[in-house]
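*Asks:* Top line first, the protein sequences correspond to chains A and B.
Residues 0 to 906, numbered by numbering that gives the first Met the number 0, are exactly what the first sequence covers, in order.
Residues 0 to 199, numbered by numbering that gives the first Met the number 0, are exactly what the second sequence covers, in order.
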Amino acid sequence: MATIFIDQRSYDVPDGMNLLDASLTLGFNLPYFCWHPALGSVGACRQCAVKQFRDEKDMRGRLVMACMTAAAPNTRISIDDPDAREFRKSVGEWLMVHHPHDCPVCDEGGECHLQDMEVMDQQTYRRYRGLKRTFRNQDLGPFVNHEMNRCIQCYRCVRFYRDYAGGRDFDAFFLRDRVFFGRQSDGVLESPFSGNLVEVCPTGVFTDKTLKLHFTRKWDERTAPSICVHCAAGCNTIAGERYGLLRRIRNRFNGEVNGYFLCDRGRYGYEFVNGPRRVRAPRIAGRADAAAPSDAVARAASPLAGGSGAIGIGSPRASLEANFALRALVGPDRFCSGMGAAEHRLVSEVLRLLQEGPAPAASLHDAAQADAVLVLGEDVTNTAPMLALALRQSVRQQPMKAAAALRIPAWDDTAVRNALQDERGPLYIATVAATPLDDVAAATMHAAPDDLARIGCAIAHALDQAAPSPRGALAADAALVGRIAGALRAAERPLVVAGVSLASQAVLDAAARVAHALHAAGRPVRIALVVPECNSLGAAMLGGCDLDDATALLWPGSPLIVLENDLPRRCGADRAARLFERAGELVVVDHTLTPTAERATIVLPAATFAEGDGTYVNGEGRAQRAFQVFVAGGDVQESWRWLRDLMRASGRGGAAAAWETLDDVTGALARELPAFAAVRDVAPPATFRIAGTRIAREPARYSGRTARDANVTVHEPEPPGDPDSALSFTMEGFQAQPPPAQPPSALIPRFWAPGWNSVQSVNYYQTVVGGPLRGGDPGLRLIEPAAPGAPAAAGRAPSAFEPDDRDWLCVPMYEIFGSEELSALAPSVAALAPRAYVALNDGDLHRAGLREGGDAVVASADGTCRLQVRRVASLPPGVAGIGVGLQGAPWMRLPDRARIHPAERDR
Amino acid sequence: MSFHAKMAYDATFQKSARELAPDDAPFAYTPENRARLDAILERYPADRKRSAVLPALYLVQYQQGYITPGAMRAVAEALAITPADVEDVVSYYTMFHTRPVGKYVLNVCRTLSCAVNGAGRVVEELCAKLGIRPGETDPTGTFTLVEVECLGACDRAPVVMVNDAWHECLDPAAAGRLVDDLRARGEAALSGCLHKVEEQ
Ligand code: SF4
Ligand code: SF4
Ligand code: FES
Ligand code: FES
Chain A
0 MATIFIDQRS
10 YDVPDGMNLL
20 DASLTLGFNL
30 PYFCWHPALG
40 SVGACRQCAV
50 KQFRDEKDMR
60 GRLVMACMTA
70 AAPNTRISID
80 DPDAREFRKS
90 VGEWLMVHHP
100 HDCPVCDEGG
110 ECHLQDMEVM
120 DQQTYRRYRG
130 LKRTFRNQDL
140 GPFVNHEMNR
150 CIQCYRCVRF
160 YRDYAGGRDF
170 DAFFLRDRVF
180 FGRQSDGVLE
190 SPFSGNLVEV
200 CPTGVFTDKT
210 LKLHFTRKWD
220 ERTAPSICVH
230 CAAGCNTIAG
240 ERYGLLRRIR
250 NRFNGEVNGY
260 FLCDRGRYGY
270 EFVNGPRRVR
280 APRIAGRADA
290 AAPSDAVARA
300 ASPLAGGSGA
310 IGIGSPRASL
320 EANFALRALV
330 GPDRFCSGMG
340 AAEHRLVSEV
350 LRLLQEGPAP
360 AASLHDAAQA
370 DAVLVLGEDV
380 TNTAPMLALA
390 LRQSVRQQPM
400 KAAAALRIPA
410 WDDTAVRNAL
420 QDERGPLYIA
430 TVAATPLDDV
440 AAATMHAAPD
450 DLARIGCAIA
460 HALDQAAPSP
470 RGALAADAAL
480 VGRIAGALRA
490 AERPLVVAGV
500 SLASQAVLDA
510 AARVAHALHA
520 AGRPVRIALV
530 VPECNSLGAA
540 MLGGCDLDDA
550 TALLWPGSPL
560 IVLENDLPRR
570 CGADRAARLF
580 ERAGELVVVD
590 HTLTPTAERA
600 TIVLPAATFA
610 EGDGTYVNGE
620 GRAQRAFQVF
630 VAGGDVQESW
640 RWLRDLMRAS
650 GRGGAAAAWE
660 TLDDVTGALA
670 RELPAFAAVR
680 DVAPPATFRI
690 AGTRIAREPA
700 RYSGRTARDA
710 NVTVHEPEPP
720 GDPDSALSFT
730 MEGFQAQPPP
740 AQPPSALIPR
750 FWAPGWNSVQ
760 SVNYYQTVVG
770 GPLRGGDPGL
780 RLIEPAAPGA
790 PAAAGRAPSA
800 FEPDDRDWLC
810 VPMYEIFGSE
820 ELSALAPSVA
830 ALAPRAYVAL
840 NDGDLHRAGL
850 REGGDAVVAS
860 ADGTCRLQVR
870 RVASLPPGVA
880 GIGVGLQGAP
890 WMRLPDRARI
900 HPAERDR
Chain B
0 MSFHAKMAYD
10 ATFQKSAREL
20 APDDAPFAYT
30 PENRARLDAI
40 LERYPADRKR
50 SAVLPALYLV
60 QYQQGYITPG
70 AMRAVAEALA
80 ITPADVEDVV
90 SYYTMFHTRP
100 VGKYVLNVCR
110 TLSCAVNGAG
120 RVVEELCAKL
130 GIRPGETDPT
140 GTFTLVEVEC
150 LGACDRAPVV
160 MVNDAWHECL
170 DPAAAGRLVD
180 DLRARGEAAL
190 SGCLHKVEEQ
């Protein structure tokens, strides 16, 4: 703690802060532009000037930049000093010289940091009467809109895009008042984190291009705290709606998970909610018109009432509540996790590793703090994008120690970067092919899955002689293996990253062995295991069977209930068709008309994450709740409510049939399955009140409330009630506002503080700027490893991969845009999704007689398919990468051997 | 467009890519220049090729007078960096031209020492003599007039750098004579005091 004096009063602030951090943490309104809590200080904008005094006798003082001055003990400053105010005001004035006065037509208006700062500076009138410089804007692709005239040259965008996120196609050009931020020429921004520019830029230069298609001011949006459903990272989001349309997704700060940022899949995937494939009314096969909900439920329930045989197929993309309701309806023995056999086995293995330990799961925050990392087999940029962004920060941890030794404070970004230059800490990446994270790796290795596992085993063996050593030659040289083992052993916070994306048990085992060996050596190792979907781990924790078992269990003619799941994606069209044929009634509860739903005899329209509350367990084992944003039109309701209705109509489910609220469901879940005991506490119950009221989803300035529905009725309709959460659907209730009264962190529907309308207002919700939210970051970890931890995996290292003359080993490859089912339905994401492809290295292309960009026929045991040929030089010989989940890609069991030849031969 | 009469919007400054001559043709170093570049690249470690970005750009400029987008891409490729990295540099420095310039580029220093020693009058004289404004090229394509910041020869102010050659202690009359001399004698009129980058 350091005691500092601000305007003659003393305050205690944590050590190592700068004066801007400290002032904001203490709740002062001190304007700034170029500083960002995640990016540090560069002292570029001169907006944060304060007056500093030598001691209590110094009356003159001098202006310093708060962001560049350490809050050392006994520092005396004045924020209110007239000179400092005048200086800040003049900065505000000159920044406006070229800034257009176009707030009314600017998408940023109403949530603009520049607006807020100008008001704070009391810079209201413009004196400049000269010409304004203007730029031509660029088309930066489907995500980010560009309006350069609004730039105030704070350089945050390049600092985020290049320094923080590693993008190389975006830069600052020119100098003086002509400085231009953009690409060298028009084109899609290459970084999958480009959408963060929208929030990082303090003005309206970069705005959300998808929001533009259905624009709404921030103050007109109804918002709720939500969770991204597009991968297992479980990033926290704020989802905003108006007129029944989900308008956009913004970051919701969670210090343990995503911090200040999101990936573009998560920010832009939301458009599936408004998509044309949505189901909004029950459908009964053979009937042209929508069915009445009661009819559909009665018809779906009648075969269930007989008592026996119904199989319920759950889903790793549906909430815990939905899956649990299905389990209650069909019974635990007839509940399926909704995953194919291989995926189910591997995700369950991940669950076991996390439960038994010894290494605890790493949060994204832990990953960013790791000072030595081994990535085994996982292309994290494409399977858990925000984990890649976190790992990118991890390589700064070791060099930062050197900076600290030079007494450079961590927040002094320019000085740190100058001191460190290109120094990077140990990040070792062993994957099948090159990944977008390779540029910051200390070394990379590319090999077939079994060879990756062998590398992992060799590292484990180097750390702990008890671990089995792979026999024969290794795909990486021994010196490198030694270096990796040494770096991991020497680290203070070593991390092992792996996952199920290669569908390889051997890779998972090898990663576990490395973690085990480090643990045995007494190192505080953590492990990050990537699973495929937003609730994969939750579905595995519910403990159902896999799809193969479900197929075997299904008596011909028995009803099959499929929850938010598209089975052909999981087990292939043929097997799914066989399953459907075997079933009697096929009841699908889903929000989207998937191929499975098209086959259904009855479809019940489910709520998406934005239309109903639900709890999801991310890859770290953290349960987090997404809250309903708005009431969907039509007959849409939460999946668990449909399933409860089926229980009531069929007389099944026992006590579960009486469920009325979400709290009933989570309560039952917590009672029935001990692993979920904490699930009730993930967020306050629906009965929670703050100052006697609910928390309002609509901001106080929400406009047109009485006129909003005037096209339908001139009477103001009664607002919908919310039995499931402590949020209200209107502006009545507690308005999100920082201390003294701030909602519990899981229930913050939006960030706003007096004078702070932009995303920067989050500063006032944190214990210290950049630190956890007050009351702790939301979400609860359900899984901690048992002490003392399980023994290391038995068995030997796999034998080396042998390329085959005629066949290729096909392994899955992933695309951030396109591989995930729901986000791929969003037009902006779909625009960037590649065609289904098969990738080979140059030698193999030649061997197979293939041409890059041409078509190939891939023939495996699951049939043949035609795919576009892609050249990936880093693939090992004999290994082919198949882009999974992409439009036009038929399902194929992976990994598997397949013949590959040019498509022409077939014609 | 402006809705405020006093606030006409000036469309002069645009991103350089748009200002470039339409020729966006691919660029290739001549074999000699490529050899010179390779010799320069040898001075840097293989993963630090970007360090050679300035000489690589000068070579482009020596070869074709100015730097096209195609050339920026070629430089990016040669140095294993992105075109954005290259344009970042090109657009920052006044010595790099992104449009065709005259045979002789007259860089008049206008920073303090030169300014107090009459650089302003030198510029006026050259403008009058050539019939152009700073930043422009004369109709014959012989001269381009550019105002630049300190050329590092303040003791000999005012300074005009013509292509790579320093001409020092120039009063307006001497500046006028320099133009005549260049017209009459061509390169022979240049002082022998050369600025050459990364050569020898
Ligand atoms: S574009 Fe935005 S973030 Fe970038 S320098 Fe300009 S104002 Fe700052
Ligand atoms: S897709 Fe994954 S990484 Fe991206 S925002 Fe969503 S949860 Fe986070
Ligand atoms: S915020 Fe301190 S100088 Fe920009
Ligand atoms: S001021 Fe002209 S050369 Fe330095």
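We put the CB at the ideal spot given by N, CA and C, even for glycine.
In this text the structure is predicted, and so the values were computed from the model without any measurement.
At what residue ranges does the segment 167-238 of chain A contain a whole run of the alpha helix (DSSP H), taking only runs of 4 or more?
*Replies:* Entirely contained in the segment 167-238 of chain A, the alpha helix (DSSP H) runs reaching 4 residues are, in chain order, 196-199 and 208-211.
*Asks:* What are the complete beta strand (DSSP E) segments, minimum 3 residues, inside the segment 576-637 of chain A?
*Replies:* The qualifying runs are 585-589, 601-604, 613-616 and 621-625.
*Asks:* Cutting at 6 Å between CB atoms, please list the residues of its own chain near W410/A, excluding the five before and the five after it.
*Replies:* Translated into the one-based positions of the first sequence, residue 410/A becomes position 411. So the qualifying residues of the chain are N17, G39 and S40.
*Asks:* Give me the DSSP bridge partner(s) of V768/A.
*Replies:* Position 769 of the first sequence, counting from 1, holds the residue named residue 768/A. Answer is none; V768/A lacks a bridge partner.
*Asks:* With a cut-off of 9 Å, does the C-beta of T81/B fall near any C-beta of chain A?
*Replies:* The residue labelled residue 81/B in the question sits at position 82 within the second sequence. Yes, T81/B counts as interfacial toward chain A.
*Asks:* Can you check whether the CB of A284/A is closer than 9 Å to the CB of T600/A?
*Replies:* For the purposes of this step, residue 600/A is taken as residue 601 along the first sequence, with counting starting at 1. For the purposes of this step, residue 284/A is taken as residue 285 along the first sequence, with counting starting at 1. In contact: T600/A and A284/A (Cβ atoms closer than 9 Å).
*Asks:* For L189/B, is the classification buried or exposed, using 16 other Cβ atoms within 10 angstroms of its Cβ as the cut-off for buried?
*Replies:* If you number the second sequence from 1, residue 189/B lands on position 190. Buried.
*Asks:* Please find out if some non-hydrogen atom of ligand 3 comes closer than 8 Å to the beta-carbon of G42/A.
*Replies:* Translated into positions along the first sequence, residue 42/A becomes position 43. Checking every heavy atom of ligand 3 against the Cβ of G42/A, one is found closer than 8 Å.
*Asks:* For T593/A and R276/A, I'd like the C-alpha separation in whole angstroms.
*Replies:* Indexing the first sequence from 1 puts residue 593/A at position 594. Indexing the first sequence from 1 puts residue 276/A at position 277. Rounded to whole angstroms, T593/A to R276/A spans 8 Å at the Cα level.
*Asks:* Measuring only between beta-carbons, confirm whether A171/A sits less than 9 Å from chain B.
*Replies:* Residue numbering aside, residue 171/A sits at position 172 when the first sequence is read from its first letter. Yes, A171/A counts as interfacial toward chain B.
*Asks:* Using a Cβ cut-off of 9 Å (strictly closer), state whether D168/A contacts chain B.
*Replies:* Position 169 of the first sequence holds residue 168/A. With 9 Å as the cut-off, D168/A counts as an interface residue toward chain B.
*Asks:* Determine the direct distance from the alpha carbon of R581/A to that of A575/A, and round the result to whole angstroms.
*Replies:* Position 576 of the first sequence, counted from the start, is the residue given in the question as residue 575/A. Position 582 of the first sequence, counted from the start, is the residue given in the question as residue 581/A. Rounded to whole angstroms, A575/A to R581/A spans 10 Å at the Cα level.
*Asks:* Which residues of the segment 64-91 of chain B have a Cβ closer than 9 Å to any Cβ of chain A? Give them in chain order.
*Replies:* Here the close residues are P68, M71, R72, A75, I80, T81, P82, A83, D84, V85, E86, D87, V89, S90 and Y91.
*Asks:* For Q183/A, would you say it is in contact with chain B, using Cβ-to-Cβ distances shorter than 9 Å as the test?
*Replies:* Residue 183/A sits at position 184 when you count from the first residue of the first sequence. Taking Cβ atoms only, chain B reaches closer than 9 Å to Q183/A, which makes this a yes.
*Asks:* Quick check on F179/A - is its C-beta less than 9 Å from some C-beta in chain B?
*Replies:* Here residue 179/A refers to the residue found at position 180 of the first sequence. At least one chain B Cβ lies under 9 Å of F179/A.
*Asks:* I want to verify the contact list: residues of chain B whose CB lies under 8 Å from the CB of D261/A, in sequence order.
*Replies:* Working through the first sequence from its first residue, we reach residue 261/A at position 262. As written in the sequence, residue 261/A is Leu, which differs from the Asp given in the question. Residues of chain B passing the Cβ test: none, with the nearest at roughly 23 Å.
*Asks:* Candidates Y103/B, F26/B, R182/B and L78/B: which alpha carbon is nearest D163/B's?
*Replies:* Looking up residue 163/B in the second sequence gives position 164. That would be Y103/B, whose Cα lies nearest to the Cα of D163/B.
*Asks:* Within 10 angstroms of its Cβ, does P141/A collect 16 or more other Cβ (buried), or is it exposed?
*Replies:* Looking up residue 141/A in the first sequence gives position 142. Buried: at least 16 other Cβ atoms inside 10 Å.
*Asks:* Assess, as a yes-or-no matter, whether the segment 318-326 of chain A is touched by the segment 626-641 of chain A under the definition of 3 or more beta carbon pairs within less than 8 Å.
*Replies:* The segment 626-641 of chain A, when compared against the segment 318-326 of chain A, does touch it at the 8 Å Cβ threshold.
*Asks:* Is it buried or exposed, S500/A, if we count other Cβ atoms within 10 angstroms and call 16 or more buried?
*Replies:* As a position in the first sequence, residue 500/A is number 501, starting the count at 1. Flag for S500/A reads buried.
*Asks:* Any heavy atom of ligand 1 inside 8 Å of the beta-carbon of M147/A?
*Replies:* Within the first sequence, residue 147/A is the residue found at index 148, counting from 1. Correct: M147/A has its Cβ closer than 8 Å to ligand 1.
*Asks:* Going by the DSSP bridge assignment, what does G134/B pair with across the sheet?
*Replies:* Taking the first residue of the second sequence as 1, we reach residue 134/B at position 135. None; G134/B has no bridge partner.
*Asks:* Please confirm if the segment 442-457 of chain A is in contact with the segment 390-405 of chain A, defined as three or more CB-CB distances below 8 Å between the two stretches.
*Replies:* As far as the Cβ criterion goes, the segment 442-457 of chain A does not touch the segment 390-405 of chain A, which means the pair count is below three.
*Asks:* Which residue marks the beginning of the alpha helix (DSSP H) containing C108/B, and which one marks its end?
*Replies:* The residue given as residue 108/B occupies position 109 in the second sequence. It is not in any alpha helix (DSSP H) - C108/B instead sits in the beta strand (DSSP E) that spans Y103 to C108.
*Asks:* Check whether the segment 783-799 of chain A touches the segment 680-690 of chain A, counting contact only when three or more Cβ pairs, one atom from each stretch, lie closer than 8 Å.
*Replies:* No: fewer than three Cβ pairs fall under 8 Å.
*Asks:* Verify whether the separation of the beta carbon atoms of E353/A and L487/A is less than 9 Å.
*Replies:* Position 354 of the first sequence, counting from 1, holds the residue named residue 353/A. Position 488 of the first sequence, counting from 1, holds the residue named residue 487/A. Note that residue 353/A is Leu in the sequence shown here, rather than Glu. No; because the gap between Cβ atoms is not below 9 Å, this pair is not in contact.
*Asks:* Show which residues of chain B have a CB atom less than 9 Å away from the CB atom of L781/A.
*Replies:* Here residue 781/A refers to the residue found at position 782 when the first sequence is read from its first residue. Simply none; closest approach about 43 Å.
*Asks:* Could you tell me which residues DSSP puts in a beta bridge with E240/A?
*Replies:* For the purposes of this step, residue 240/A is identified with residue 241 of the first sequence, where counting begins at 1. Answer is R221/A and L245/A, bridged to E240/A.
*Asks:* For R525/A, list the residues DSSP reports as bridge partners.
*Replies:* Numbered from its first residue, the first sequence carries residue 525/A at position 526. According to DSSP, which records beta bridges pairwise, R525/A is partnered with L494/A.
*Asks:* Which residues neighbour ligand 2 when neighbourhood means a C-beta less than 6 Å away from any of its non-hydrogen atoms? List them by chain order.
*Replies:* Taking each Cβ in turn, the ones that pass are C227/A, H229/A, C230/A, A232/A, G233/A, C234/A, N257/A, L261/A, C262/A, R264/A, G265/A, A383/A, P384/A and M385/A.
*Asks:* Bridge partners of I694/A, per DSSP?
*Replies:* For this step, residue 694/A is matched to residue 695 along the first sequence. Per DSSP, L726/A and F733/A.
*Asks:* How would you write the range of the beta strand (DSSP E) that M444/A sits in, first residue to last?
*Replies:* Along the first sequence, read from residue 1 onward, the residue named residue 444/A stands at position 445. Note, M444/A: beta strand (DSSP E), A442 to H445.
*Asks:* Could you tell me whether the Cβ of L661/A comes closer than 9 Å to any Cβ of chain B?
*Replies:* Along the first sequence, one-based indexing puts residue 661/A at 662. With 9 Å as the cut-off, L661/A does not count as an interface residue toward chain B.
*Asks:* I'd like to confirm the pairing. Which residues does DSSP put opposite H35/A in its beta bridges?
*Replies:* Reading the first sequence from its first residue, position 36 is the one you call residue 35/A. DSSP lists G39/A as partners of H35/A.
*Asks:* Work out the CA separation of I428/A and V530/A for me, nearest whole Å.
*Replies:* On the first sequence, position 531 is the one that residue 530/A refers to. On the first sequence, position 429 is the one that residue 428/A refers to. So the two alpha carbons sit approximately 18 Å from each other.
*Asks:* Cα separation between G308/A and R577/A?
*Replies:* Looking up residue 308/A in the first sequence gives position 309. Looking up residue 577/A in the first sequence gives position 578. Approximately 17 Å between the Cα atoms of the pair.
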